[in-house]
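Undergrad:
Residue numbers (my numbering), protein chains in the order written: chain A, -18 to 304; chain B, 601 to 850.
In structure tokens form, the structure reads like this:
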């Protein structure tokens, strides 16, 4: 049937990611509003937790199975998903705006001759027409955008739309289709894990450090607090540019734009390009000795004092709480 | 080898965004425009590749936009690129429109290796490189922090959540560059003088309409400043209590 929303899901090492559940949930809700059908597709060798999608309101789930596509291949996944989208006559493709979604979505848009809308934080369908809201300038501004073409490719920002499971399974039809894929001109041959740590782009809580730490040797204070909170470590541009921290941790306009539940900024004054990247966090805590620092203008809770004295006590208090 | 590098002309990241009178774009008054920060890594990687491949390799700089984009093209020329092409568009285009204009010109130039910044810091789509590659049926590796070329073969590392993917691919290809890939060189005085004599060709973009339409630009509702609850560690128990009972986040 035509007029279908196809949720394109991400698996890593055979497990659907958290963002995949958000994508399915949003696709199912959007389909209901726009009176469309929704289904989901995932490419990979095995997908162990595929049955868990059943609680998110979708009717059909297709696993395109291929051992050569166990890892991501932009050429191979593009071929597999666009072929499937054509077969199933999907008008809308929905992905999460993760590294995977950001890479795959544009390739699919060209294949489908579709307009593309990235990183939406709100999707409205009130007038029967889909309008997406997305941050630009790293969140300094927002735009409402509509796609004029018949085919549409949309990505949603991870962590913004919460996937709510229902008690009732929608009893979806789950099928596995073997696919043969020869387009492997671009393929992932290895994954180098970054020290087993959480990534700021995916974390629910982030503890970030800035120049107030005075040197890379003091960042253990940030790491210890992050460990106690189960948080990812972030950094300001100043300390990344100074070589204290890897750029993968940088939060801000030339780093990562994040929307965690809790953001703890330590020794960060709050340059505009940093604030742009993190001000959509649900709760912000700032610890900084300068009470006039711009970071306090967006913080929910602040302590205007010496981070070297305050952070260790905070770490202890959090640990006590967790024990 | 012909190498292309695509650059975008954007407001400096220190810009405070004000909405323009059309409610669809920013108010450009008082805004300083610069080369997109990620495009500097792209220019650097193009120049490094030209140097290592040698021979009669050439680096051409492409940019879609208005007359002002020449400043940014000139910046890349001052760093060492050989020539520039401004693809002049009278109206702003969406990423797909820009990608189509670039794809046409890349084909026209016969470039088999093309570098982009991984995203431009204005519209933050991070898709123009991927779109262009698909339009040209080129390989594509996006968000690259390490790049090696051996003959026709590419080995690159791209940044993803929690680590790096090592990707193998082949020419012709598009690479989008992430911070960490290299240290962009400064333009020397000699480079700046030489850039003034280099040719920037101008061509109109014959683009059809965009697939997307901006209906409205608006500012996010300002986050209201919260409380400063203390000036030393004696405030910590109160902070923990608020996080637990009021915010309910720990």
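For glycine and all other residues, C-beta sits at the position ideal for the given N, C-alpha and C.
(1) Flag this pair as touching only if the stretch 210 to 223 of chain A and the stretch 818 to 830 of chain B have three or more C-beta atom pairs under 8 angstroms; answer yes or no.
(2) Between the Cα of residue 282 of chain A and those of B/842, B/630, B/848, spot the shortest distance and give me the residue it belongs to.
(3) With a 10 Å radius around its C-beta and 16 neighbouring C-beta atoms as the bar for buried, classify residue 147 of chain A as buried or exposed.
(4) In chain A, what lies closer than 7 angstroms to residue 842 of chain B by C-beta?
(5) Who are the neighbours of residue 123 of chain A on chain B, taking C-beta pairs under 9 angstroms?
(6) So the beta strand (DSSP E) residue 818 of chain B belongs to, where does it begin and stop?
(7) Please name the residues in the stretch 625 to 659 of chain B whose beta-carbon is closer than 8 angstroms to at least one beta-carbon of chain A, in chain order.
(8) Please tell me whether residue 155 of chain A and residue -14 of chain A are closer than 9 angstroms, where the distance is taken between their beta carbons.
(9) Measure how close the beta-carbons of residue 7 of chain A and residue 75 of chain A come, nearest whole angstrom, since I'm counting them as under 8 angstroms.
(10) For the pair the stretch 72 to 92 of chain A and the stretch 132 to 142 of chain A, tell me if three or more CB-CB distances fall below 8 angstroms.
(11) Alpha carbon to alpha carbon, how far is residue 824 of chain B from residue 831 of chain B? Give it in angstroms, no decimals.
(12) Kindly indicate which three-state DSSP category residue 32 of chain A falls into: helix, strand or coil?
(13) Just to make sure I have the definition right: I need the residues of chain D whose C-beta is within less than 7 angstroms of the C-beta of residue 715 of chain B. Which are they?
(14) Run down chain A in chain order and give the residues with a C-beta less than 8 angstroms from the C-beta of residue 811 of chain B.
(15) If you run the structure through DSSP and keep just helix, strand and coil, what is residue 668 of chain B?
(16) Could you check whether the stretch 748 to 756 of chain B touches the stretch 765 to 775 of chain B, counting it as contact only if at least three pairs of C-beta atoms, one from each stretch, sit closer than 8 angstroms?
(17) Check residue 37 of chain A in the structure and name its three-state DSSP category.
(18) Under the three-state reduction of DSSP, which class applies to residue 19 of chain A: helix, strand or coil?
(19) At least one CB of chain A closer than 9 angstroms to the CB of residue 706 of chain B: is that the case?
(20) Could you give the first and the last residue of the continuous beta strand (DSSP E) run that contains residue 74 of chain A?
(21) If you draw a straight line from the C-alpha of residue -17 of chain A to the C-alpha of residue 71 of chain A, how long is it?
(22) Is residue 287 of chain A close to chain B, meaning its C-beta is less than 9 angstroms from at least one C-beta of that chain?
(23) Does the pairing of the stretch 793 to 802 of chain B with the stretch 117 to 129 of chain A give three or more beta-carbon distances under 8 angstroms?
(24) In the DSSP assignment, what residue or residues form a beta bridge with residue 127 of chain A?
(25) By how many angstroms is the C-alpha of residue 625 of chain B removed from the C-alpha of residue 619 of chain B?
TA: Per the coordinate set shown:
(1) no
(2) B/842
(3) exposed
(4) 282
(5) 816, 817, 818, 819, 820
(6) 812 to 818
(7) 626, 637, 638
(8) no
(9) 6 angstroms
(10) yes
(11) 20 angstroms
(12) helix
(13) Annotation note: the requested chain D is absent from the structure, which comprises protein chains A and B.
(14) 95, 96, 97, 128, 129, 130
(15) coil
(16) yes
(17) helix
(18) strand
(19) no
(20) 73 to 77
(21) Annotation note: pLDDT 49 at residue -17 of chain A (below 50); position unreliable, no value reported.
(22) yes
(23) no
(24) A/112, B/813
(25) 6 angstroms
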